[in-house]
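Asker:
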Amino acid sequence: MGRIALEGIRKSFGTVDVIHGIDLEIGEGELVVFVGPSGCGKSTLLRLIAGLDQPTSGKIEIDGVDVTRKGAADRGLAMVFQSYALYPHMTVRQNLSFGLENARMPKAEIDQRVEEAARMLDIGELLTRRPTQLSGGQRQRVAIGRAIVRNPTAFLLDEPLSNLDAELRGTMRAELAALHARLATTMIYVTHDQIEAMTLADRIVVLRKGRIEQVDTPLNLYNRPQNLFVAGFIGAPNMNFFVTEAKSGRAALPGGAEVVLDHAGPVTIGIRPQHLRLAQDSERAIAAKVHLVEALGAETVVHASAEGAGSILTVLEGQPLIERGAEIRLAFDDENIHAFDADGQRIG
Amino acid sequence: MARFGETVGRVATLPLVLIARAFDPVLRLWQRGTGTGGMVAFFLLPNMAIFGVFVIIPLVLNFVYSLTGGTNILLGDRSFIGFGQYGRLLECGNYLQPLTCREDQFWTAVRNTSLFVLFQVSLMVCVSMITALILNRNIAGRGFFRAVFFFPVLLSPVVVGLIWRWILQRQGLMNLIVTNLGFDPVVWLNDRFFAFAAAIGVSTWAHMGFYTLILLAGLQAIPKDLYEAAEMDATPPARVFWRITLPLLGPNLAVVLVLALIRGVQIFDEAYVLTGGGPGTSTLFLTQYIYEVGFASFLRNPGLAAAASILMGLVLVVLTLIQLGLSRRAERGNTR
């Protein structure tokens, strides 16, 4: 239970097309994260799945049943909102039981489900409080609890951690991962935070301007981005790009370094900052001049620039002695090179 | 262009600047004498003076008048009789039967006003709520309808009374419709029941726009997310209204209740123009009674009118305190 399939989903608001034909299958018990820049349509897509908005065209199936024209109430899904959307005039217990009362569930069963969810989320002591008497993290737990008690086919989470501070976000992220492992229910999670996406997801859906750019596991997205957008979007700091020309199976990089490519014509070579290192004397390398050194302790971020290539970011392990204005040579391994053609699609 | 705008702005505000400069030496002197704290009193002074002259002094005078007797209007010519006027007003065999009271008209007015408040405030809250709920929906021509419902608020109560008297008179618009539908004309304002109902209906029509606006503001302040959460929770529309909308609208409803109640007790102008208190005393309300006893009747009694208005004021204070208490409780309920 909990298979969700989207087929040719389009959504327009007036004359503005927001979602341009999305096809996606989400497996039972899978945790899929929608990620992308602001305005890419990730929240809209989630609302279409929830039934809070209707698609302009296309089909949504849950467990093989077409629910496209069904209302939110009839889809068996539960949603955790970015703002938590807790009823401010109700206690935590009333918030948790409200949906169950709507379903005319016996009181004993409601109490049992509420107690169980409260125990699972460690909010048992908060049941008599109102939302305004809770901290951000506690409210978040209650919002998740409200979804859990309904025992839904799938959970939809719309940037649930974005209102929390960094420390709490880390804690809640771990708790969400544990919760998913325990419940084994399908979850669709919207975020713009890469760390959340990478750490939580079974698969990540990268969206841009209402289109899917790539759907893959977090590590595949990182290791084999299928296009320039995904390569630049996934990974922090952003990937370095060098625009060059491939001739006779070779592409030249700044400083004379060359890479072997089975391609001819304009190409963009991408190398992640973590995959550059200080070169030995005889090694193939990119020559660059250092502008800024950020020593973070465990690693050092070097901002440099190469002639004809603009800025280059390098993340070096440890605390190498590099000063601003120094000339450095940055080496790389062939297996860490990402090459993209003139259309931004991956080569090889 | 910006420079031109700046010049125009300077010229337009010149009179204000000159006035402010004229006050400057006085303000400096005051601040030197009283410190920064004294400036608060300085700026509050004009308003407090107006409040004192038009509210506090008349209130005290009114109370003093209520302790005097006679028909003379000048206080110096009146005799002190203590709480005699209050005794006269409250002297009654059975308060539910005005005719057994010494001032039967006062108790008739009290009864009429109480019934008016009960029905008019209930009707007002219901109608305003329904209108606000409809106008809060994404209906076509929403702006136009909002204006239509608010427009009567802009009219003078006397104009409202005249319009409806014209509509409801024997040869008025209403009877034109009634006769065209094949029924006999009704003398609306000469019938005790219809006249009372008309007073309620007209005053509701005249003021509902204002209350609708307050409720509409409250409805729009309820986060959309809550309704979406309720939708995900499969909440039936009626339950959404009773369990989410209504509790969250509590503070606004309390404000509407307080204001409608106060206005209801004070009903005078539109009802007076519409029915003149008749037929008989069927639409005689407290304020009209006070006006007639104090100023309009041949044997005027300003002391009795003052005592009646003090009693009415006390009732209003009690009602307001009750409503404010409820309002605070509703507000605490929503934010706690």
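Top to bottom, those sequences are chains P and E.
Every letter in the first sequence is one number past the one before it in the numbering used here, and letter 100, counting from 1, is 100.
Quick note, the numbering used here runs 348 ahead of the 1-based positions in the second sequence.
Note that beta-carbon positions come from the ideal geometry of N, C-alpha and C, so glycine has one too.
1) For ASN223/P, which option in ALA304/P, GLY249/P, HIS192/P, GLY348/P has the closest C-alpha, if you only look at C-alpha atoms?
2) Starting from GLU25/P, follow its DSSP beta bridges and name the residues at the other end.
3) Could you tell me the alpha carbon to alpha carbon distance between GLN519/E and THR527/E, rounded to whole angstroms?
4) How big is the Cα-Cα spacing for ALA178/P and THR199/P?
5) Beta-carbon of ARG684/E versus every beta-carbon of chain P: anything under 9 Å?
6) Taking its Cβ as the centre, do 16 or more other Cβ atoms sit within 10 Å of GLY36/P, making it buried, or is it exposed?
7) Could you give the C-beta distance for VAL351/P and SER43/P, rounded to a whole number, given that I count them as a contact under 8 Å?
8) Using a Cβ-Cβ distance cut-off of 9 Å, determine whether ALA5/P contacts chain E.
9) For PRO505/E, count neighbouring Cβ atoms within 10 angstroms of its own Cβ and tell me buried if that reaches 16, exposed if not.
10) Please give me, in chain order, every unbroken run of the beta strand (DSSP E) with length at least 3 that falls completely inside the segment 122 to 166 of chain P.
11) How would you write the range of the alpha helix (DSSP H) that GLY99/P sits in, first residue to last?
12) What three-state label does DSSP hand ILE367/E in the structure shown?
13) Throw me the rounded Cβ distance for the THR268/P and PHE332/P pair, which I believe falls under 8 Å.
14) Residues of chain E with a CB under 8 Å from the CB of PHE34/P: which are they?
15) With distance defined between alpha-carbon atoms, name the residue in ALA288/P, ALA287/P, ILE286/P, ALA304/P nearest to GLU294/P.
16) Assuming VAL621/E and LEU510/E form a contact by the criterion Cβ under 8 Å, report the distance between their Cβ atoms to the nearest whole angstrom.
17) Leaving out the 5 sequence neighbours to the left and right, which residues in its chain are closer than 8 Å to CYS40/P when beta-carbon positions are compared?
18) Between the Cα of ALA7/P and those of SER83/P, ILE19/P, LYS247/P, MET90/P, spot the shortest distance and give me the residue it belongs to.
19) Say whether chain P places a C-beta atom closer than 9 Å to the C-beta of LEU574/E.
20) Compute the distance between the beta-carbons of MET187/P and ALA154/P, then report whether it is under 9 Å.
21) My understanding is that ALA457/E touches PHE633/E, with C-beta atoms under 8 Å, so please give their C-beta distance in whole angstroms.
22) Hey, out of GLY255/P, GLY308/P, GLN274/P, whose CA is closest to GLU283/P's CA?
23) So GLN82/P and PRO160/P are in contact, right, with Cβ under 8 Å, and what is the actual spacing, rounded?
24) Between which two residues does the alpha helix (DSSP H) carrying PRO585/E extend?
25) Helix, strand or coil: how does DSSP classify VAL604/E here?
26) Can you grab the Cα-Cα spacing for the pair ARG329/P / PHE241/P, in whole Å?
27) Within 9 Å (strictly less), CB to CB, does LEU596/E reach chain C?
28) If we cut at 9 Å on Cβ distances, does MET472/E have a partner in chain P?
29) Can you list, in chain order, the residues of its chain whose CB lies under 7 Å from that of ALA578/E, leaving out five sequence neighbours each side?
30) Could you give the DSSP three-state label for ASP17/P: helix, strand or coil?
31) To which residues of the same chain is SER57/P closer than 7 Å at the C-beta, ignoring the five residues directly before and after it?
32) May I ask you to report which of helix, strand or coil DSSP gives TYR189/P?
33) Would you tell me roughly how many angstroms separate the C-alpha atoms of GLU101/P and PRO584/E, rounded to the nearest one?
34) Tell me where the beta strand (DSSP E) around PRO266/P begins and ends.
35) Go ahead and label ILE212/P buried or exposed: buried means 16 or more other beta carbons lie within 10 angstroms of its beta carbon, across all protein chains shown.
36) Tell me, to the nearest whole angstrom, how far the beta carbon of ALA201/P is from that of VAL67/P; I am working on the premise that it is less than 8 Å.
Answerer: In this structure, then:
1) Position 223 of the first sequence, counting from 1, holds the residue named residue 223/P. For the set ALA304/P, GLY249/P, HIS192/P, GLY348/P, the Cα lying nearest the Cα of ASN223/P is the one of GLY348/P.
2) The residue given as residue 25/P occupies position 25 in the first sequence. GLU25/P is bridged to ALA5/P.
3) Locating residue 519/E in the second sequence gives position 171, where the first residue counts as 1. Locating residue 527/E in the second sequence gives position 179, where the first residue counts as 1. Straight-line measurement puts the Cα of THR527/E at about 10 Å from the Cα of GLN519/E.
4) Here residue 178/P refers to the residue found at position 178 when the first sequence is read from its first residue. Here residue 199/P refers to the residue found at position 199 when the first sequence is read from its first residue. For ALA178/P and THR199/P, the gap between their C-alpha atoms comes out near 12 Å.
5) Within the second sequence, residue 684/E is the residue found at index 336, counting from 1. Residue placement at ARG684/E cannot be trusted, given a pLDDT of 44 that sits under 50; the coordinates are not used to answer.
6) Here residue 36/P is taken as the residue at index 36 of the first sequence, counted from 1. Buried is the call here.
7) An answer regarding residue 351/P cannot be provided, because it is not within the stretch 1 to 348 covered by chain P.
8) Within the first sequence, the letter at position 5 stands for residue 5/P. No, because no Cβ of chain E sits closer than 9 Å to the Cβ of ALA5/P.
9) Here residue 505/E refers to the residue found at position 157 when the second sequence is read from its first residue. Counting C-beta atoms within 10 angstroms of its own C-beta, PRO505/E has 16 or more neighbours from the protein chains shown and is therefore classed as buried.
10) Restricted to the segment 122 to 166 of chain P, the beta strand (DSSP E) segments that are unbroken, complete and at least 3 residues in length are 154 to 158, listed in chain order.
11) In the first sequence, residue 99/P corresponds to position 99, counting from 1. Note, GLY99/P: alpha helix (DSSP H), 92 to 102.
12) Indexing the second sequence from 1 puts residue 367/E at position 19. ILE367/E carries a helical assignment under DSSP once its states are collapsed to helix, strand and coil.
13) Here the question's residue 268/P lines up with position 268 in the first sequence. Here the question's residue 332/P lines up with position 332 in the first sequence. THR268/P to PHE332/P, Cβ: 15 Å. No contact.
14) Position 34 of the first sequence, counted from the start, is the residue given in the question as residue 34/P. Neighbours of PHE34/P in chain E, taken as residues at a C-beta separation under 8 Å, are lacking, since the least C-beta distance is about 18 Å.
15) Counting from one through the first sequence, the residue named residue 294/P turns up at place 294. Nearest option by C-alpha distance: ALA304/P.
16) On the second sequence, residue 621/E is found 273 positions in, with the first residue counted as 1. On the second sequence, residue 510/E is found 162 positions in, with the first residue counted as 1. By a beta-carbon distance limit of 8 Å, VAL621/E contacts LEU510/E. Their separation comes to about 6 Å.
17) Walking along the first sequence from the start, residue 40/P turns up at place 40. Around CYS40/P: LEU207, ARG208, LYS209, GLY210.
18) Numbered from its first residue, the first sequence carries residue 7/P at position 7. Per the sequence presented here, residue 7/P reads as Glu, with Ala not at that position. Sorting SER83/P, ILE19/P, LYS247/P, MET90/P by C-alpha distance to the C-alpha of GLU7/P places ILE19/P at the top.
19) Numbered from its first residue, the second sequence carries residue 574/E at position 226. Closer than 9 Å to some Cβ of chain P, the Cβ of LEU574/E qualifies, so yes.
20) The sequence position of residue 187/P within the first sequence is 187, counting from 1. The sequence position of residue 154/P within the first sequence is 154, counting from 1. Yes.
21) For the purposes of this step, residue 457/E is taken as residue 109 along the second sequence, with counting starting at 1. For the purposes of this step, residue 633/E is taken as residue 285 along the second sequence, with counting starting at 1. In this structure ALA457/E touches PHE633/E by the C-beta definition: roughly 6 Å separates them, less than 8 Å.
22) One-based indexing of the first sequence puts residue 283/P at position 283. Checking every option, the nearest Cα to that of GLU283/P belongs to GLY255/P.
23) Position 82 of the first sequence holds residue 82/P. Position 160 of the first sequence holds residue 160/P. Between PRO160/P and GLN82/P the Cβ distance is about 7 Å, and since that is below 8 Å, they are a contact.
24) On the second sequence, position 237 is the one that residue 585/E refers to. Looking at the DSSP string, the run of the alpha helix (DSSP H) that includes PRO585/E is 585 to 588.
25) In the second sequence, counting from the first residue as 1, residue 604/E sits at position 256. Correct three-state label for VAL604/E: helix.
26) Along the first sequence, read from residue 1 onward, the residue named residue 329/P stands at position 329. Along the first sequence, read from residue 1 onward, the residue named residue 241/P stands at position 241. Pairing ARG329/P with PHE241/P, the inter-Cα distance amounts to about 17 Å.
27) The structure shown contains no chain C; the protein chains it does contain are P and E.
28) Taking the first residue of the second sequence as position 1, residue 472/E is located at position 124. Cβ-Cβ to chain P under 9 Å: no for MET472/E.
29) Mapped onto the second sequence, residue 578/E falls at position 230. Hits under 7 Å: VAL588, ILE592.
30) Taking the first residue of the first sequence as position 1, residue 17/P is located at position 17. Strand, per DSSP.
31) Locating residue 57/P in the first sequence gives position 57, counting from the first residue. Sequence-distant Cβ neighbours of SER57/P in its own chain, meaning closer than 7 Å and more than five residues away, are GLY8, ARG10.
32) Translated into the one-based positions of the first sequence, residue 189/P becomes position 189. For TYR189/P, the three-state secondary structure derived from DSSP is strand.
33) Within the first sequence, residue 101/P is the residue found at index 101, counting from 1. Within the second sequence, residue 584/E is the residue found at index 236, counting from 1. Pairing GLU101/P with PRO584/E, the inter-Cα distance amounts to about 11 Å.
34) Taking the first residue of the first sequence as 1, we reach residue 266/P at position 266. Residues 265 to 271.
35) The residue you call residue 212/P lines up with position 212 of the first sequence. ILE212/P comes out buried.
36) Walking along the first sequence from the start, residue 201/P turns up at place 201. Walking along the first sequence from the start, residue 67/P turns up at place 67. For a cut-off of 8 Å, the C-beta gap from ALA201/P to VAL67/P is around 24 Å, too long to register as a contact.
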